[in-house]
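Enquirer:
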Amino acid sequence: MTAQEFKPSRLPRLYEPTITLYDGSQLPQIGAGTWKHSDEVAPKAIYTSLQLGYRLLDGACDYGNERACGVGLRYAIADGVVRREDVWVVSKLWQTFHAKEHVRAAVMRSLEDWGVDYFDLYYIHFPISLAYVPFETRYPPGWFYDGESQIRHSKVPIQETWEALEELVDEGLIRHLGVSNFNSALLMDLLKYARVKPAVLQIEIHPYNAQHRAVAYAQSRGLAVTAYSSFGPQGFLELRMPKAVHAPSLFMQPVITQIADDHNKTQAEVLLKWALQRGLAVIPKADDVRLQEQNLRVGGGSWRLSDEEMERINGLDMGLRFNDPADDFEGCNIFS
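The opening position of the sequence shown corresponds to residue 1 in UniProt numbering, with each subsequent residue numbered one higher.
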């Protein structure tokens with residue numbers, strides 16, 4: 001790819017709100033998600049998101065596209081679109097690398113792929129440890145030990161993984177630590193021994209899975225909460241997940257469509273606004289610059305959902321989780 005491919009027409013820099021973390025750092029409240037970005041789309045999508053004003057890029061080893069995302073970031077920095085120190089680059093530790101002797105190599109691999117020398121935020125992706133799969137065997141390794149159907153667990157406690165990550169914070173390779181897909185009991189236990197406090201909890205949150213208690217507990221302990229899959233089943237349809245295929249689309253829910261019509265907004269904007277007004281950060285993924293701009297604009301402007309509208313949306317909650325490993329992987333019942 002050439003530099004010219006990363007120079008679309010000049011885009012307006014939009015306002016982006018932030019959440020103050022326990023150490024005073026400002027976490028961008030609307031980040032650019034990267035899950036399911038293809039290698040062909042990722043570089044330009046990252047570049048245009050930074051042009052628009054996104055200042056958080058949410059990645060992960062498991063997404064398999066960190067190198068492609070890093071290309072877009074490097075072009076944006078080289079072109080003066082953004083400075084490295086102004087962007088939160090985020091990644092996640094996959095569960096095959098939880099053992100202390102594998103944590104550093106996993107972090108270094110992701111840093112190399114992104115083309116940066118530190119992560120602003122680094123999560124444990126899932127609170128479960130699986131048998132180690134070497135880079136040369138398969139990367140990203142995925143869930144199956146043999147790449148086909150075999151789940152092989154390992155006996156690595158979360159405390160061992162966390163302490164290994166704390167050492168990388170000490171070395172400056174990671175600025176903030178976070179946890180993803182942790183329930184409140186696991187978070188409560190982690191807080192008892194963590195020398196470096198987790199800064200952010202990232203969990204699946206949308207009106208079908210509002211997670212009010214989990215959010216309240218995390219926020220009460222000083223953690224910011226990031227919602228992923230803000231549009232509910234929409235992001236899982238292409239994966240043909242049965243739960244998503246059979247669930248009614250949030251974009252077609254009468255409550256959502258009526259509120260969207262009342263505010264002259266899209267259903268996606270209403271869903272993101274509902275999350276933002278709860279004090280959550282969001283990380284919607286969009287390939288198209290028009291959708292990127294629409295998502296980011298939700299953070300600005302004077303429109304708000306009324307308390308009554310928020311409650312109507314809350315009424316859609318049914319505890320329906322789409323990203324549940326137990327649905328597909330034996331012995332991975334992390335939410336039950």
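Idealized CB from N, CA, C, for every residue including glycine.
1) Do you know offhand how far K92's Cα is from P254's?
2) Just how far apart, CA to CA, sit residue 346 and A224?
3) Can you find the residues in the same chain that come closer than 6 angstroms, C-beta to C-beta, to A68, ignoring five residues on each side of it along the sequence?
4) If you draw a straight line from the alpha carbon of M1 to that of V107, how long is it in whole angstroms?
5) So, do the stretch 297-309 and the stretch 194-206 have three or more beta carbon pairs nearer to each other than 8 angstroms?
6) Any idea what DSSP makes of L27, helix, strand or coil?
7) Which one or two residues does DSSP pair with D58 in a beta bridge?
8) Flag this pair as yes or no: are the beta carbons of I151 and L130 separated by less than 9 angstroms?
9) Would you say A286 lies against chain D (beta-carbon separation less than 9 angstroms)?
10) Out of curiosity, what's the CA-to-CA distance linking G232 and K273?
11) Can you tell me the Cα-Cα spacing of Q202 and G80, whole angstroms?
12) Buried or exposed, going by whether 16 or more other CB atoms sit within 10 Å of the CB of S336?
13) Skipping 5 residues on each side, what residues in its chain have a beta carbon closer than 6 angstroms to that of A227?
14) Check for me: the beta strand (DSSP E) holding S302 runs from which residue to which?
15) For A3, name the three-state secondary structure that DSSP assigns.
16) Just to check my reading of the structure: L50 and V82 have Cβ atoms closer than 8 angstroms, yes? What is that Cβ distance to the nearest angstrom?
17) Taking the C-alpha atoms as reference points, what is the distance between V60 and E66?
18) How many angstroms separate the CA atom of T96 from the CA atom of D113?
19) G72 lies in the alpha helix (DSSP H); which residues open and close that run?
20) What's the C-alpha gap between I313 and Q267?
21) Give the list of continuous beta strand (DSSP E) stretches no shorter than 3 residues that lie fully inside the stretch 219-288.
22) Near Y217, what residues of its chain come up, given a Cβ to Cβ distance below 6 angstroms and the 5 sequence neighbours on each side ignored?
23) Nearest-angstrom Cα distance between D288 and R138?
24) Would you give the residue range spanned by the beta strand (DSSP E) that Y47 belongs to?
25) Going by beta carbon distance, what residues of the same chain come within less than 7 angstroms of A3, once the five residues before and after it are set aside?
26) Just curious, the beta strand (DSSP E) that Q202 is in, first and last residue?
27) Let me check one thing: in DSSP terms, what residues is N209 bridge-paired to?
28) Where does S336 sit, in a helix, a strand or coil, going by DSSP?
29) Classify A45 as buried or exposed, calling it buried when 16 or more other Cβ atoms lie within 10 Å of its own Cβ.
30) When DSSP labels each residue in this structure, what does T180 get in the three-state scheme?
31) With distance defined between alpha-carbon atoms, name the residue in K192, S229, Q219 and M188 nearest to P207.
32) Helix, strand or coil: how does DSSP classify F97 here?
33) Across the stretch 327-336 and the stretch 114-133, are there enough close Cβ pairs to call them in contact, namely three or more that are closer than 8 angstroms?
Expert: From the atom records:
1) Each residue's Cα considered, the two are about 36 angstroms apart.
2) For residue 346 there is no data in the structure shown, the boundaries of the chain being 1 and 336.
3) So the list reads D39, A42 and P43, once near-sequence residues are dropped.
4) Its pLDDT being 46, under 50, M1 is placed unreliably in this model, and the coordinates cannot settle the point.
5) The way I'd put it, the stretch 297-309 doesn't touch the stretch 194-206; fewer than three beta-carbon pairs between them come closer than 8 angstroms.
6) Reduced to three states, the DSSP call for L27 is strand.
7) Within the DSSP secondary-structure output, D58 pairs in a beta bridge with G33 and V90.
8) By the CB criterion at 9 angstroms, I151 and L130 fall inside the cutoff.
9) The structure shown contains no chain D; it is built from a single protein chain.
10) Whole-angstrom Cα-Cα distance: 14 angstroms.
11) Taking the straight line from one Cα to the other gives about 30 angstroms.
12) Here S336 is exposed: its Cβ has fewer than 16 other Cβ atoms, across all protein chains shown, within 10 Å.
13) Cβ neighbours of A227 beyond the five flanking positions: I205, A275, L280 and V282.
14) In the DSSP assignment, S302 falls outside any beta strand (DSSP E) and carries neither an H nor an E.
15) In this prediction, A3 has a pLDDT of 47, which is less than 50 and means its spatial position is unreliable; nothing more can be read from the coordinates.
16) Between L50 and V82, the beta carbon gap of about 5 angstroms places them in contact (Cβ cut-off 8 angstroms).
17) Sequence inspection shows Ala at residue 60; the Val mentioned does not correspond to that position. CA-to-CA, the gap between A60 and E66 works out to about 7 angstroms.
18) Going by the C-alpha atoms only, they are around 18 angstroms apart.
19) First-last of the alpha helix (DSSP H) with G72: E66 to A78.
20) Annotation: I313 to Q267 spans about 12 angstroms, alpha carbon to alpha carbon.
21) Segments of the beta strand (DSSP E) lying fully in the stretch 219-288: 224-228.
22) Around Y217: S184.
23) If you take the alpha carbons of D288 and R138, they lie about 31 angstroms apart.
24) No beta strand (DSSP E) contains Y47, which is instead part of the alpha helix (DSSP H) from A42 to L52.
25) Because the pLDDT of A3 is 47, which lies under 50, any placement of that residue in the model is unreliable, and the question is left without a value.
26) From DSSP, the beta strand (DSSP E) with Q202 extends over V200 to E204.
27) Answer is H206, bridged to N209.
28) In the three-state DSSP reduction, S336 falls in the coil class, being neither helix nor strand.
29) With 16 or more other Cβ atoms within 10 Å, it is buried.
30) Residue identity differs from the one stated: residue 180 is Ser in this sequence, not Thr. Assignment of S180 by DSSP, reduced to helix, strand and coil, places it in the strand class.
31) Comparing Cα-Cα distances from P207 to each of K192, S229, Q219 and M188, the minimum goes to S229.
32) In this structure, F97 counts as helix in the three-state DSSP scheme.
33) Contact holds: three or more Cβ-Cβ distances are below 8 angstroms.
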